[in-house]
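**Q**
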Amino acid sequence: MKLSAVSCLLLAISTSAPSTGLKAKQIKNLVTFGDSYTDITWAGDGGVPWPIYARDYVTMHTLTYSYPDRYWSAERNTTQWSNFMKELSLSGNALTKLMLTVLAPTLHGAHIGIFDQHALFSEMYNNPSAYLNGIAPLNVTGTISSCVFKVGQDLGETGDCTTVTDPKEQDSYLWYDELHPSEQADRIVAREIAAVIKGDKRKWTTWLS
33 MKLSAVSCLL LAISTSAPST GLKAKQIKNL VTFGDSYTDI TWAGDGGVPW
83 PIYARDYVTM HTLTYSYPDR YWSAERNTTQ WSNFMKELSL SGNALTKLML
133 TVLAPTLHGA HIGIFDQHAL FSEMYNNPSA YLNGIAPLNV TGTISSCVFK
183 VGQDLGETGD CTTVTDPKEQ DSYLWYDELH PSEQADRIVA REIAAVIKGD
233 KRKWTTWLS
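Here our numbering runs 32 ahead of the position in the sequence shown, where the first position is 1.
1. What span of residues does the alpha helix (DSSP H) with Ser-121 cover, start to end?
2. Hey, out of Gln-202, Val-180, Ser-98 and His-143, whose CA is closest to Ile-229's CA?
3. Quick check: the Cα distance between Tyr-208 and Glu-215, rounded to an integer number of angstroms?
4. Distance, Cα to Cα, Gln-149 vs Lys-129?
5. Which residues does DSSP list as the beta-bridge partners of Phe-181?
6. What does DSSP give as the partner residues of Thr-237 in its beta bridges?
7. In this structure, how does DSSP classify Pro-213 when only helix, strand and coil are distinguished?
8. For Arg-102, count neighbouring Cβ atoms within 10 angstroms of its own Cβ and tell me buried if that reaches 16, exposed if not.
The following block contains the structure:
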C-alpha cells in the first residue's frame, strides 16, 4: 500500500525574544496551512480569525485508487495513480520545506514549524498497535465506511456500501472511508499538534525558526 500525505505548516507569532521553536504559553497568534481536515479558522480565545489556505486533503492512499468508489468510479491504472500521488506529495513537502527555510529568517518574531503528517501517518500505518485501540482486529487497509462502485457507475447512485457501526470497533481503523482518516487517527493528529502548541518537543514537527 502506498501512503502519501501533505505536511501541515504551523506559523506562531510571539512577543518573546527570538529563538527556534516554541516554549509553553509563548504563542500570541497561531496560523495553520493545511486542508479542511486540520484547518483552524477561529482563535480559541475569541480573537480575530486568521485566514486559512486549504491546500489539499491531508491523506491520500491507495484505498481510493484500488477500486471504483464514491469519489471516483472511472477506469484508471491503480498503481500509476498511487505512485503519482505519492510523488506529488513528497515533492511538494520537500519544496515547501526548502522555500520556508529561506523565508523563515525574514519573518521577525515568527516561529515557523512543519508538522510532518506524512511521517506520522506512515508510523500509524506501520505500527498500528501504538495508535489504534478498538476492540476489533487492527485494520490499516480497510475502512469504517466503504462503498464499492462498478467501473463507470454514476457517482450520484448508491454503491455496494458497508459500515462499521460500533464506535469501539471503529477505533481499530486508520481510515474512515476511501479518502478520509478515522476519528481515532484524528485524535492522534490533534494530540500531536496540541502538544506542539503547548511548547512540547515532538518528533513530527521541525521548527525552522
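Glycine included, each C-beta is placed from N, C-alpha and C at the ideal position.
**A** Here's the rundown:
1. Following the DSSP letters along the chain, one finds Ser-121 inside the alpha helix (DSSP H) bounded by residues 110 to 135.
2. If we check each option's Cα against that of Ile-229, His-143 comes out closest.
3. Straight-line measurement puts the Cα of Glu-215 at about 7 Å from the Cα of Tyr-208.
4. If you take the alpha carbons of Gln-149 and Lys-129, they lie about 13 Å apart.
5. Assignment of beta-bridge partners to Phe-181 by DSSP yields no partner.
6. The partner list for Thr-237 (beta bridge, DSSP) reads Phe-147.
7. The answer is strand: DSSP assigns Pro-213 an E or B state.
8. Under this definition Arg-102 is a buried residue.
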